[in-house]
Amino acid sequence: MLNIVLFGPPGAGKGTQSENIIKKYGLVHLSTGDIFRYNIKNSTPLGNLAKSYTDKGDLVPDEVTIRLLESEVNKHAQAKGFIFDGFPRTSAQAEALDLFLESKGTAITMMVALEVPEKELIKRLVGRGKESGRADDQDESIIHNRIKEYNQKTAPLKEFYSNQNKFRGIDGIGTIEEIFSRICNEVGN
Ligand code: AMP
131 MLNIVLFGPP
141 GAGKGTQSEN
151 IIKKYGLVHL
161 STGDIFRYNI
171 KNSTPLGNLA
181 KSYTDKGDLV
191 PDEVTIRLLE
201 SEVNKHAQAK
211 GFIFDGFPRT
221 SAQAEALDLF
231 LESKGTAITM
241 MVALEVPEKE
251 LIKRLVGRGK
261 ESGRADDQDE
271 SIIHNRIKEY
281 NQKTAPLKEF
291 YSNQNKFRGI
301 DGIGTIEEIF
311 SRICNEVGN
């Protein structure tokens, strides 16, 4: 199986590049952020719980997010592989994912990390907020909090995957096609 963790701060272009990766490699796309937004829109119990965190730009608690991710993976028994977009975001999530995949006889192949300077991220997120209407892109203080959560809790995962020799840093500045071609150079053809 080809299992990719797509990594990077909010606004790095994970959603956009996921679409390209799924098409080329035939992977199942799992975005915890998309799943939370779907549940929030439909006012499910999970959505109501998640909303109290996503509204502030805080991370949803690990046990909720891990359970959700595992149940989504289990829905795709025939998958050729997965692209994990926005998961894991904490060390506890990364450790849980390793154990879970091991129990299924597979593992993470690599972490593809989109690298974009903070100033550029804020510019992109403010722009996206104007176009998409995404609640957590509307307010600059929420954007700052999401970047702070990323720096404190998620950025350390670089080391987690580097220690396993699975970290691949990608320059996230350029056109969508340029960045995608850098990703393909790492993933292979
Ligand atoms: P995203 O679309 O990946 O930027 O996620 C939007 C929001 O959903 C985040 O700001 C978090 O509140 C929540 N979220 C998404 N994925 C996770 C995760 N793996 N762990 C905790 N919270 C998450």
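Residues in the sequence shown are numbered consecutively from 131, following my numbering. We put the CB at the ideal spot given by N, CA and C, even for glycine.
* Asked: How do the segment 212 to 229 and the segment 151 to 164 stand: do at least 3 beta-carbon pairs fall below 8 Å, yes or no?
  -> yes
* Asked: Taking the continuous beta strand (DSSP E) assigned at H215, which residues delimit it?
  -> Looking up residue 215 in the sequence shown gives position 85. Here the sequence assigns Asp to residue 215, which means His is not the residue at that position. Per DSSP, D215 belongs to the beta strand (DSSP E) from G211 to D215.
* When DSSP labels each residue in this structure, what does L189 get in the three-state scheme? -> Translated into positions along the sequence shown, residue 189 becomes position 59. Coil at L189, not helix or strand.
* Asked: Bridge partners of G299, per DSSP?
  -> Taking the sequence shown and counting its residues from 1, the one referred to as residue 299 is at position 169. DSSP, once it has assigned bridges, lists A243 as partnering G299.
* With DSSP as the reference, please indicate the residues paired to H159 in a beta bridge. => The count along the sequence shown starts at 1 and reaches residue 159 at position 29. BP columns for H159 point to I213.
* Asked: With a cut-off of 8 Å, do at least 3 Cβ pairs link the segment 280 to 297 to the segment 224 to 242?
  -> yes
* **Minimum C-alpha distance to E200 - residue among D185, P218, L189 and Y183** => Numbered from its first residue, the sequence shown carries residue 200 at position 70. The option with the nearest alpha carbon to E200 is P218.
* Per the contact definition of three or more C-beta pairs closer than 8 Å, is the segment 256 to 271 in contact with the segment 180 to 196? -> yes
* Asked: Using CA coordinates, which residue listed in D228, G143, N319 and S233 is at the minimum distance from Q294?
  -> In the sequence shown, the residue the question calls residue 294 occupies position 164. The candidate whose alpha carbon is nearest that of Q294 is D228.
* To do: With N319 as the anchor, note down where its beta strand (DSSP E) starts and where it stops.
  => In the sequence shown, counting from the first residue as 1, residue 319 sits at position 189. No beta strand (DSSP E) holds N319; DSSP gives it neither H nor E.
* Check whether the Cβ atoms of I303 and Q147 lie closer than 8 Å to each other. => The sequence position of residue 303 within the sequence shown is 173, counting from 1. The sequence position of residue 147 within the sequence shown is 17, counting from 1. Taking 8 Å as the Cβ cut-off, I303 and Q147 do not qualify as a contacting pair.
* Local conformation of I196 per DSSP, three classes -> Position 66 of the sequence shown, counting from 1, holds the residue named residue 196. The answer is helix: DSSP assigns I196 an H, G or I state.
* Asked: From which residue to which residue does the alpha helix (DSSP H) around N293 run?
  -> In the sequence shown, residue 293 corresponds to position 163, counting from 1. That run of the alpha helix (DSSP H) goes L287 to N293.
* Asked: Quick one: Cα of R254 to Cα of E261, how far?
  -> Stepping through the sequence shown from its first residue, residue 254 is reached at position 124. Stepping through the sequence shown from its first residue, residue 261 is reached at position 131. Taking the straight line from one Cα to the other gives about 11 Å.
* **Start and end residues, beta strand (DSSP E) containing I134** => For the purposes of this step, residue 134 is identified with residue 4 of the sequence shown, where counting begins at 1. Counting along the chain, the beta strand (DSSP E) containing I134 begins and ends at L132 to F137.
* **A142 in three-state terms, based on DSSP** => Here residue 142 refers to the residue found at position 12 when the sequence shown is read from its first residue. If DSSP states are grouped into helix, strand and coil, A142 belongs with coil.
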